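Below is one structure; the comments refer to it alone.
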Amino acid sequence: MHGEYKVPGGKLVVVDFDVEDGRLRNARVSGDFFLEPDEALDAIDDTLAGLPVHLEARDIAARIDARLPAGTTMFGFTTEAVGIAVRRALTDAADWRDYDWRLIHEEPQDPALHMALDEVLTEEVAAGRRPPTLRVWEWAAPAVVIGSFQSLRNEVDADAARRHGVTVVRRISGGGAMFIEPGNTITYSLYAPDALVQGMTFADSYAFLDDWVLGALGELGIRAWYQPLNDITSDQGKIAGAAQKRLSAGAVLHHVTMSYDIDADKMLQVLRIGREKLSDKGIASAKKRVDPLRRQTGLPRSEIIDRMIAHFGGRYGLTDDRITADELRAAEKRVAEKFGTVEWTARVP
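Note that this note's numbering has the sequence shown beginning at 628, numbered continuously upward.
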């Protein structure tokens with residue numbers, strides 16, 4: 628069996644092994660990582676040999692940790708990364724390049740239609756009617772997007788939202804509220820078969836699915852990293868937040884909003900961001916929670932998007948595509964019946 632795992636912001640870990648009588652045999656770990664001393668690699672291989680196939684990645688890591696030589700130093704990978712590579716082999720996980728990735732980047736859409744498209748396109752990928760897809764959003768109106776489980780009244784000041792012409796919508800994924808103004812954010816979604824994240828915990832999959840973004844930001848001169856669970860940050864502050872939804876039908880929706888040039892004063896009027904929520908971030912005010920990409924790069928938003936798309940295509944391949952007429956009709960129907968209704972938006976009052 629063969630398993631691979633690219634550590635977000637780090638190196639590739641490859642594990643090859645046989646399975647006999649429910650245990651790993653003839654295991655060999657390789658990759659472009661750095662490891663000292665050399666004999667630590669033999670210790671890892673020896674530890675994997677004979678392990679039962681039911682062990683989770685963290686349990687595999689604990690077994691390896693217990694047998695590493697004193698003073699072992701690992702660069703670009705961890706023992707848990709080895710465990711993930713093993714689990715991905717055992718669960719027949721897919722690689723990014725196993726798929727014909729498609730790109731959708733179209734005209735601005737209303738906020739509720741964006742919510743519906745996320746659900747419809749994920750279902751289409753799950754059903755095998757659409758290849759895995761990267762969709763870059765363009766917004767037709769200002770919006771607050773609240774998480775699936777958030778309280779509407781606790782998160783949004785309704786009077787301020789009306790005063791500023793901000794539409795409030797609810798997405799199908801969990802997580803926190805996003806404040807959106809056209810031209811001031813970069814939002815994208817990934818729709819992929821769940822085989823792509825087999826063998827990973829939810830936490831691992833967040834960073835794995837956005838590793839290409841860290842690479843793209845690096846090319847733009849930003850040293851960025853993933854801050855668990857779902858933030859992309861730099862030494863100058865938070866850049867983006869991610870959310871995810873997995874469908875039982877067999878697909879994962881992963882979407883991210885990156886801030887380009889946020890009007891923090893308006894955001895604070897519309898969102899009810901309390902001191903308790905900010906206290907665990909170690910910051911004094913909500914204005915410091917976002918760090919616009921415009922200031923960090925000095926580039927137009929459109930150029931940042933183009934370079935992100937080019938980076939994704941260079942890594943995994945990418946073919947231009949469009950939302951089909953059937954997909955659009957299904958999404959519009961979903962707006963009328965769900966995402967555009969008070970019942971859905973205020974389902975948690």
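Every residue, glycine too, gets a C-beta built ideally from N, C-alpha and C.
Here the structure is a predicted model, which means the values were calculated and not measured.
Looking at the unbroken alpha helix (DSSP H) that takes in residue i, where does it start and where does it end?
i, result
"methionine 628", "Per DSSP, methionine 628 belongs to no alpha helix (DSSP H) and is neither H nor E."
"tryptophan 839", "838-846"
"glycine 864", "Premise fails: glycine 864 lies in the beta strand (DSSP E), 864-874, not in any alpha helix (DSSP H)."
"glycine 710", "706-717"
"valine 969", "969-972"
"glutamate 751", "738-754"
"isoleucine 789", "Rather than isoleucine, the amino acid found at residue 789 in this sequence is arginine. Residues 785-790."
"asparagine 781", "779-782"
Given a threshold of 16 other Cβ atoms within 10 Å of its Cβ, counted over all protein chains shown, does residue i qualify as buried or as exposed?
i, result
"valine 646", "exposed"
"aspartate 837", "buried"
"glutamate 663", "exposed"
"arginine 729", "buried"
"phenylalanine 702", "exposed"
"histidine 629", "exposed"
"histidine 741", "buried"
"alanine 715", "First, the amino acid is wrong: residue 715 is arginine here, not alanine. It counts as buried."
"arginine 757", "buried"
"asparagine 653", "exposed"
"arginine 916", "Unreliable positioning characterises arginine 916 in this predicted model, as indicated by a pLDDT of 46, which lies under 50. A coordinate reading is not provided."
"glutamine 863", "exposed"
"proline 855", "exposed"
The beta strand (DSSP E) that contains residue i, what's its start and end?
i, result
"isoleucine 773", "770-773"
"alanine 805", "With the sequence shown as reference, residue 805 is identified as methionine, and alanine is not the correct amino acid for it. Residues 805-807."
"glutamine 825", "First-last for glutamine 825: undefined, no H or E at that position."
"arginine 921", "Segment 920-924 is the alpha helix (DSSP H) holding arginine 921; no beta strand (DSSP E) there."
"leucine 898", "Taken as a continuous stretch (DSSP letters only), leucine 898 belongs to no beta strand (DSSP E), as it is neither H nor E."
"arginine 797", "794-797"
Based on the DSSP secondary-structure assignment, which residues constitute the bridge partners of residue i?
i, result
"histidine 732", "Val763"
"histidine 881", "Leu817 and Gln871"
"glutamate 647", "Arg650"
"glutamine 854", "Asp858"
"leucine 662", "Met701"
"lysine 633", "Leu639"
"serine 657", "Val641"
"serine 886", "Thr812"
Taking residue i as the reference, which of the options has the closest Cα?
i, options, result
"tryptophan 766", "Ala753, Arg757 and Leu744", "Leu744"
"threonine 718", "Tyr887, Gly826 and Leu678", "Gly826"
"isoleucine 691", "Ala753, Ala670 and Gly698", "Ala670"
"methionine 805", "Thr884, Pro735, Ser778 and Ala693", "Thr884"
"valine 840", "His629, Glu631 and Gly636", "Gly636"
"isoleucine 849", "Ile773, Ile807 and Ile866", "Ile866"
"alanine 689", "Phe704, Gly710, Val680 and Asp673", "Gly710"
"isoleucine 950", "Gly803, Tyr726, Pro735 and Glu964", "Pro735"
"arginine 655", "Val771, Trp764, Val713 and Pro679", "Val713"
"glutamate 604", "Thr946, Tyr833, Ile731 and Ala684", "A query on residue 604 cannot be resolved here, the shown segment of the chain reaching from 628 to 976 and no further."
"serine 832", "Ala870, Thr860 and Gly802", "Ala870"
"leucine 817", "Phe644, Arg797, Gln777 and Leu748", "Leu748"
"histidine 681", "Leu823, Gly649, His791 and Ile900", "Gly649"
"asparagine 811", "Arg921, Ala937 and Leu639", "Arg921"
"glycine 792", "Gly845, His882, Val969 and Pro769", "Pro769"
"aspartate 659", "Asp673, Pro820 and Val642", "Val642"
"glutamate 666", "Pro679, Ala684, Pro696 and Leu678", "Pro696"
I'd like to know whether the C-beta of residue i is nearer than 8 Å to at least one C-beta of chain D.
i, result
"aspartate 645", "Of the protein chains in the structure, only one exists, and it is not chain D."
Q) Quick one: complete alpha helix (DSSP H) runs, 4+ long, within the region 927-964? A) Runs of the alpha helix (DSSP H) inside the region 927-964: 928-943 and 952-961.
field: Segments assigned beta strand (DSSP E), at least 3 residues, entirely inside the region 671-711
entry: 700-702
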